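In what follows, a single structure is set out as structure tokens and then discussed.
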Amino acid sequence: MAASYTLHVNGQDHTVSADGETPLLYVLRNDLGLGGPKFGCGLGQCGACAVLKDGVEIRSCMTPVSAVMQSEIITTEGLGTTAAPHPLQSAFVAEQAAQCGYCISGMIIAAASLLKRNPKPSAAEIRAGMDGHLCRCGTHLRIVRAIQRAVDQGMRL
Amino acid sequence: MSAPVLSRRQLLEGAGLLVIGFSLGGIDSTQAATAGIDQGARPVEPEKLDSWLAIDKNGNVTLFTGRVDLGTGTETVFAQFVAEELDVAIGKVRVVMGDTRLTPDQGKTTASLNVVRGSQPVRIAAAQARAVLVELASERLHLPGTELRTENGMVMPSQGDGISYGELIGDKNFSVDMEVAGKTPEDISRGVMLKQKAPPKAAKDYRVIGTSVPRFDIPAKVNGTFEYVHNVRVPGMLHGRVVRPPAMGAKLISVAENSIAGIPGARVVRRNDFLGVVAPREEDAIRAARVVKADWSAVAPLPAMESIFEELPSQPVVSDQLSFENGDLEAGFAGGKIRLKATYNFPFQDHAMIGPSCAVADVGDTHATIWSGSQWPEGDRSDIAKMLGLPVENVQLIWREASGSYGRLGCDDAAADAAIMSQIVRQPVRVQWMRHDEHGWEPLSPAMTMTIDGAADASGRVTAFDYLQYSPSHSMGEKGNHLAWHLIGGAPGWGRMSGAAANLWYDIPAKRARNIYVQPWLRGIYLRSPGGIQSIFAYESFMDELARASGIDPLEFRLRNTPDARDRDVLLAAARMAGWEPRSGPRQQTAAAVLTGRGIAMGRYGAGDSRSALVVDVTIERSSGKITLEQACIAFDCGLVLNPNGLLNQVEGGLLQGLSRALHEQVKFDRRKVTSLDWMDYPILTFAGLPEVKTQLIPRPELPWSSAGEAGTVATAAALANAVFDAIGKHPRRLPLVPDYVKSLI
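For the protein sequence lines, the chains are A and B, in the order given.
The numbers in our numbering rise by one with no breaks, and the one at position 131 of the first sequence is 137.
The numbers in our numbering rise by one with no breaks, and the one at position 572 of the second sequence is 591.
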């Protein structure tokens, strides 16, 4: 049954009417108009839908909207903008770390989550930490380099 | 030359622009780029310079191109061509791509031909536009054109002030006719070419071409505001989902509409065997598609997956063609000392887009607008018009970038799905395939079986090379073959053959490649280097087997068979990066728990004979057969380099995607349909499996630029297979190199 939910997304409160079991992804995309998180598999396997919940990556395609009401949700749009990018976003641009880019929003969210728990990961730790995110274009090497660049530049989250 | 007349933009200023779509998170950027341009009156005939370029009062230049950017950076490279030929700052150039009402028909974006063929009219048009601007300035300044130069968006005399492009022609028409070279349907589908009027720059004068201009699309892609087709929204839009049959070819007998009665606003949408559902909310459409009950007919079973390579040669033959035939094979075999024959098998593979196929359609009684990630906007448009029963001129197809696809596929299918649903429900409909729809119903890269009979003489020269492949055509899904059109009936089917064996570059006195196209049983479409990665897997595996039988180092064996300097350069560069050590026989490591291996391979592919060579290092766990990619060193040559960083991105991507295909990828199916429906059943290379990678571009500024998108992928499977051969002493004859298969060879 549809009910009213208030979500805290990218620093703002939003009230939406949806079934509590609705995956957060569809609420973010269709009710809040946020195009950063993408539908990839609906199974939690690819990571295109990743968002931060209280600073930790979750898969929004598998997370019911009713489960995140007490949390702060951040999408790529909430991390930064073209005019005022997040250090990870700047690093991805500097490394030209995208091709089609469909996975990239999820990659940046995953990197932010990784760096929160391990602010100085090695290249091997970055590879291990990003392993649950799929890229079809073969941009992996640049993504690793972009995260490494953000780390090397002393990024503070 | 006469004064420019008022442009359509000025004529229609104030008339208002019909808002037809918007995107998640704001107004669509292409709409912003075209704001004020009347969509009904823009010329799209390739013979008019105004169809290609417009310059506004501020000197901003807009390029209109029928080509599209599949995530490879075409938009930026095309802008580089415009900036180069017009002498404007790159930041002044905007690119509108693939909108059938705004852009000239430039055919399909396929075969790595965007910058080879697709850019040709862009360069010619921009060079002509520059000549027009110089002429206009010449009249204004009362100076001969020969005393004027162009620089940073200005026409400049040798002394004194220049005039800006915006002042010379801002918002007005060029009104110049161009001439098209070649107007056959094949010419147009490959991409229109313009005859040169004003000469474009010589390569030695390039200042923007050849530099690593950052890609235009990446900032929006990293902050989540890029307008993918998945983000297009239309007022009053419903969400649709498709419901596919439980077996390929099954007919829809009945649908229980009441099975979705409890879902808010959900409706069944059916036409003949096409079944879908729509609902106002996306999650409700998904739920309805999951629970709707339907009866389908039984169908004849598919061939068993285990026996596909035996089945391929026994399928009915559709066409029998030669890729090449030179010399006397009989004499070649007679001149050989060593003769080998081997069969190599390449499986069905997915394009495996991360974002499933998606489209939005708004179909009315007389007109339709479709937003699609199609690689062939005009082809998709004409097919959908026919399918809907509308005149093609009443259908507008607006391309928006989709997820990286590396071959035309479900993007077009989803457009047809959305169009049918919208026509039935008389509202705009957005369709996105679910993951199981994508993996289960995308047109596949067809399986191929390849046999080579060849011989080499005592000096290590190949004397005969006779190659035969059996495969369905790689173009079945290309035209007239939308899944939805088949389901509603009336689809004209397919007729084009593609996926032929690549040209073989070795200097062999007698060589032949024969392609036998057989009747398909699973729908197919080209995937990055169709026929290339497959045939070169066979060619280069066979070269290693011949080298081993001859007792000659595999690198040396290749060098003995190609005198071509560019081939030798890529081979030697890859070998140097890897620290190649010559070897004449198998490694002696029979007792080791972890086996090490190193393989080399090269390939040429695409227009202009682009080429790559790579050396791959692996370790293999003896107990399991599991391969670890340790290192890959790739050298790449595609002639003059247009954007070095962008090219490296393509080369790295092609390398990793090719290794993924060779190591992991295989579509699974049972007797009814595809069963590998998600990323667990169809794994691809992940971060944890990455090798260390070294790349080297070999620039050839003296040569024209050639295809870049596929040449980096063609030799990957062979190099990996050759590394396994080196490690275990037996050559793998089929892909993918999954642990069970590798273990069976040890």
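Cβ coordinates follow ideal geometry from the N, Cα and C atoms, glycine included.
Because the structure is a prediction, the values reported are computed rather than measured.
Candidates the options, of which the one nearest residue i by Cα
{"i": "Ser821(B)", "options": "Cys109(A), Ile149(A) and Leu85(A)", "result": "Not covered by the structure: residue 821(B). The range shown for chain B is 20 to 765."}
{"i": "Phe365(B)", "options": "Pro375(B), His683(B) and Phe193(B)", "result": "His683(B)"}
{"i": "Gly46(A)", "options": "Ala568(B), Pro758(B) and Asp697(B)", "result": "Asp697(B)"}
{"i": "Ala164(A)", "options": "His455(B), Lys405(B), Thr169(B) and Asn242(B)", "result": "Because chain A here runs from 7 to 163, residue 164(A) falls outside it and cannot be looked at."}
{"i": "Leu1(A)", "options": "Gln368(B), Arg252(B) and Ala557(B)", "result": "In this structure chain A extends from 7 to 163, so residue 1(A) is not present and cannot be described."}
{"i": "Ile74(B)", "options": "Gly92(B), Asp106(B) and Thr93(B)", "result": "Asp106(B)"}
{"i": "Pro462(B)", "options": "Pro491(B), Met440(B) and Leu487(B)", "result": "Pro491(B)"}
{"i": "His92(A)", "options": "Ile114(A), Ser72(A), Ile132(A) and Gly107(A)", "result": "Ile114(A)"}
{"i": "Ala269(B)", "options": "Trp71(B), Lys692(B) and Gly748(B)", "result": "Lys692(B)"}
{"i": "Tyr16(B)", "options": "Gln607(B), Glu104(B), Val112(B) and Trp315(B)", "result": "No answer is possible for residue 16(B): it lies beyond the span of chain B, which begins at 20 and ends at 765."}
{"i": "Val101(B)", "options": "Asp118(B), Phe83(B) and Ile188(B)", "result": "Phe83(B)"}
{"i": "Arg86(B)", "options": "Ser231(B), Thr95(B), Arg515(B) and Lys223(B)", "result": "Thr95(B)"}
{"i": "Gly201(B)", "options": "Ala727(B), Asn171(B) and Gly126(B)", "result": "Gly126(B)"}
{"i": "Gly61(A)", "options": "Val74(A), Val157(A), Ala90(A) and Arg142(A)", "result": "Val74(A)"}
{"i": "Ala475(B)", "options": "Ala568(B), Tyr536(B), Pro396(B) and Gly426(B)", "result": "Ala568(B)"}
{"i": "Ala8(A)", "options": "Gln488(B), Glu302(B) and Glu170(B)", "result": "Glu302(B)"}
{"i": "Ser278(B)", "options": "Leu321(B), His249(B) and Val310(B)", "result": "Val310(B)"}
Contact under 9 Å by Cβ, residue i with residue j
{"i": "Arg518(B)", "j": "Gly543(B)", "result": "The question names Arg, but residue 518(B) in the sequence shown is Gly. The answer is yes: Cβ separation under 9 Å."}
{"i": "Lys619(B)", "j": "Ala738(B)", "result": "Note on identity: in this sequence residue 619(B) is Ile, with Lys being the wrong assignment. The answer is yes: Cβ separation under 9 Å."}
{"i": "Asn345(B)", "j": "Ile527(B)", "result": "yes"}
{"i": "Leu140(A)", "j": "Thr81(A)", "result": "no"}
{"i": "Thr735(B)", "j": "Ala681(B)", "result": "yes"}
{"i": "Val660(B)", "j": "Pro718(B)", "result": "yes"}
{"i": "Leu541(B)", "j": "Pro465(B)", "result": "yes"}
{"i": "Arg449(B)", "j": "Gly259(B)", "result": "yes"}
{"i": "Gly92(B)", "j": "Asp236(B)", "result": "yes"}
{"i": "Gly508(B)", "j": "Asn500(B)", "result": "no"}
{"i": "Pro573(B)", "j": "Ala584(B)", "result": "no"}
{"i": "Thr732(B)", "j": "Gly426(B)", "result": "no"}
Residue(s) in a DSSP beta bridge with residue i
{"i": "Gln415(B)", "result": "Thr388(B)"}
{"i": "Val743(B)", "result": "Bridge partners of Val743(B): none, in fact."}
{"i": "Tyr536(B)", "result": "Ser338(B) and Ser490(B)"}
{"i": "Trp395(B)", "result": "None, per the DSSP bridge assignment."}
{"i": "Lys530(B)", "result": "Asn345(B) and Phe484(B)"}
{"i": "Tyr624(B)", "result": "Ser629(B)"}
{"i": "Tyr11(A)", "result": "Val22(A)"}
Where residue i meets chain A, residues with beta-carbon distance less than 7 Å
{"i": "Met467(B)", "result": "Within chain A, no residue comes near Met467(B); the closest Cβ sits about 21 Å away, beyond 7 Å."}
{"i": "Arg234(B)", "result": "Gln102"}
{"i": "His501(B)", "result": "Within 7 Å Cβ-Cβ: nothing; His501(B) doesn't reach chain A, min ~22 Å."}
{"i": "Glu301(B)", "result": "Tyr32 and Asn36"}
{"i": "Asn250(B)", "result": "Gly41"}
Under 8 Å from the C-beta of residue i: neighbouring residues of chain B
{"i": "Thr164(A)", "result": "The structure shown does not extend to residue 164(A), since chain A is modelled only from 7 to 163, so the question has no answer here."}
{"i": "Leu147(A)", "result": "Glu671, Leu675, Leu709 and Val712"}
{"i": "Arg133(A)", "result": "Phe706, Ala707 and Leu709"}
{"i": "Pro127(A)", "result": "Simply none; closest approach about 12 Å."}
Partners in chain A for residue i, counting only beta-carbon separations shorter than 8 Å
{"i": "Thr91(B)", "result": "Gln105"}
{"i": "Met372(B)", "result": "Tyr108 and Arg142"}
{"i": "Asn133(B)", "result": "By Cβ distance, chain A contributes nothing, its closest Cβ being about 14 Å from Asn133(B), past 8 Å."}
{"i": "Tyr247(B)", "result": "Gly41, Lys44 and Tyr108"}
{"i": "Asn668(B)", "result": "Gln102, Gln105, Thr145 and Arg148"}
Proximal chain A residues relative to residue i, where beta-carbon distance stays under 9 Å
{"i": "Ile237(B)", "result": "Phe98, Val99, Gln102, Ala103, Ala104, Gly107 and Ile110"}
{"i": "His683(B)", "result": "Residues of chain A passing the Cβ test: none, with the nearest at roughly 12 Å."}
Per-residue contacts from residue i into chain B (C-beta, under 7 Å)
{"i": "Gln95(A)", "result": "Val241 and Asn242"}
{"i": "Gly86(A)", "result": "Asn242"}
{"i": "Ile114(A)", "result": "Val241"}
{"i": "Asp137(A)", "result": "Thr705, Phe706 and Ala707"}
{"i": "Thr28(A)", "result": "Glu302"}
Under 9 Å by beta carbon: chain B residues contacting residue i
{"i": "Met68(A)", "result": "Going along chain B, no residue has its Cβ under 9 Å from Met68(A), so there is no contact; the nearest lies around 12 Å."}
Check your understanding: According to a CB-to-CB cut-off of less than 7 Å, which residues of the segment 698-721 of chain B neighbour chain A?
Key -> Trp698, Met699, Ile703, Thr705, Phe706, Ala707, Leu709 and Val712
Review point. In chain order, what residues of the segment 415-429 of chain B put their CB closer than 9 Å to some CB of chain A?
Key: Glu420, Ala421, Ser422, Gly423, Ser424 and Tyr425
Check your understanding: Just by C-beta distance, which residues in the segment 54-66 of chain A are closer than 9 Å to chain B?
Key -> Ala54
Point to revise | Cβ-based contacts, 8 Å cut-off: residues of the segment 37-55 of chain A near chain B | key: Gly39, Leu40, Gly41, Gly42, Pro43, Lys44, Phe45, Gly46, Cys47, Gly48, Leu49, Gln51, Cys52 and Ala54
Point to revise | Against chain A: residues of the segment 444-464 of chain B by CB proximity under 8 Å | key: Gln451, Met453 and Arg454
Check your understanding: Looking at chain A, which residues of the segment 373-391 of chain B have a Cβ within less than 8 Å of any of its Cβ atoms?
Key -> Ile373, Gly374 and Pro375
Review point. Relative to chain A, which residues along the segment 643-665 of chain B have a C-beta separation below 8 Å, given in chain order?
Key: Asn664 and Gly665
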